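Sequence positions in the sequence shown follow this note's numbering and run 57 to 222.
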Amino acid sequence: MGRRRAFDEDEVVRAAVELFGGRAYDGVSIDDLVNHLGVHRNSLYKTFGSKRGLYLVALRRHIADDVQPLAEALVAATDTATALRLVTSANLGLLLLAAVEQATADEEVAAEVAAALATVDQAIADALGISTALAAALTAAALGILLRGNVEGAGAARAHRLDSPD
């Protein structure tokens with residue numbers, strides 16, 4: 057008979073979201089996971105199958121815990137500035153890293169990222185009464201602001217310009 061699991065899978069997945077969201081997939085080794093998550097290597101493999109298996113579980117958790125609530129909040133946005141502010145203030149580190157690092161090489165990650173972004177786009181489109189194509193452009197602009205790391209300055213200035221057509 058096997059030994060009883062000595063860790064909380066939910067806590068491990070949440071910690072993996074933070075680890076992958078801060079350092080990306082390629083920046084995290086199995087040793088990093090074992091040390092950071094406090095899980096024995098064999099337990100990690102037995103529970104998640106592989107580093108990639110844990111990554112996919114963590115990405116899905118991130119989408120459920122961070123992206124989905126963002127989409128729900130976006131539905132109440134009444135203007136472009138509010139929508140941009142919501143996106144640029146959300147915890148989207150793992151989604152961004154997945155999009156630029158893993159989605160280009162992993163079809164399953166690409167599908168998860170595309171579905172998450174489509175959810176955000178649709179929420180913006182519904183809230184602002186605009187096309188999904190324009191909403192996708194707004195999402196891309198907000199994510200670009202996050203990638204550039206100047207949420208307060210660049211994001212506020214762009215949101216102001218988008219809301220006041222001069």
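For glycine and all other residues, C-beta sits at the position ideal for the given N, C-alpha and C. Given the structure is predicted, the values throughout are model-derived calculations rather than measurements.
Let's test the definition: count the other Cβ atoms within 10 Å of the Cβ of Ile201 and tell me whether it reaches 16, buried, or not, exposed. Stepping through the sequence shown from its first residue, residue 201 is reached at position 145. Its Cβ being crowded by 16 or more others within 10 Å, Ile201 is buried.
Measuring alpha carbon to alpha carbon, tell me which residue in Tyr81, Gln124, Thr175 and Val123 is nearest Tyr111. The sequence position of residue 111 within the sequence shown is 55, counting from 1. For Tyr111, the nearest C-alpha among the options comes from Tyr81.
Do you know whose CA, among Gly109, Ala155, Gly94 and Thr103, lies nearest Ala174's CA? By 1-based counting over the sequence shown, the position of residue 174 is 118. Taking only the C-alpha atoms, the option nearest Ala174 is Ala155.
In its own chain, which residues sit with a C-beta less than 7 angstroms from the C-beta of Ala129, not counting the 5 before and 5 after it? By 1-based counting over the sequence shown, the position of residue 129 is 73. The residues are Leu142.
Residue burial classification, His118 (beta-carbon count within 10 angstroms, cutoff 16): Working through the sequence shown from its first residue, we reach residue 118 at position 62. When all chains shown are included, His118 counts as buried.
On a CA-only basis, which of Leu151, Leu89, Ile186 and Glu74 is nearest Leu203? Give me that one, please. Position 147 of the sequence shown, counted from the first residue, corresponds to residue 203. If we check each option's Cα against that of Leu203, Leu151 comes out closest.
Taking the straight line between their C-alpha atoms, what separation do you get for Ala193 and Phe76? Residue mapping note: residue 193 aligns to position 137 of the sequence shown, counting from 1. Residue mapping note: residue 76 aligns to position 20 of the sequence shown, counting from 1. Whole-angstrom Cα-Cα distance: 26 angstroms.
Alpha helix (DSSP H) containing Gly200: first to last residue? For the purposes of this step, residue 200 is identified with residue 144 of the sequence shown, where counting begins at 1. From DSSP, the alpha helix (DSSP H) with Gly200 extends over Thr188 to Arg204.
Which whole runs of the alpha helix (DSSP H) in the stretch 152-193 are 4 residues long or more, in chain order? 163-184
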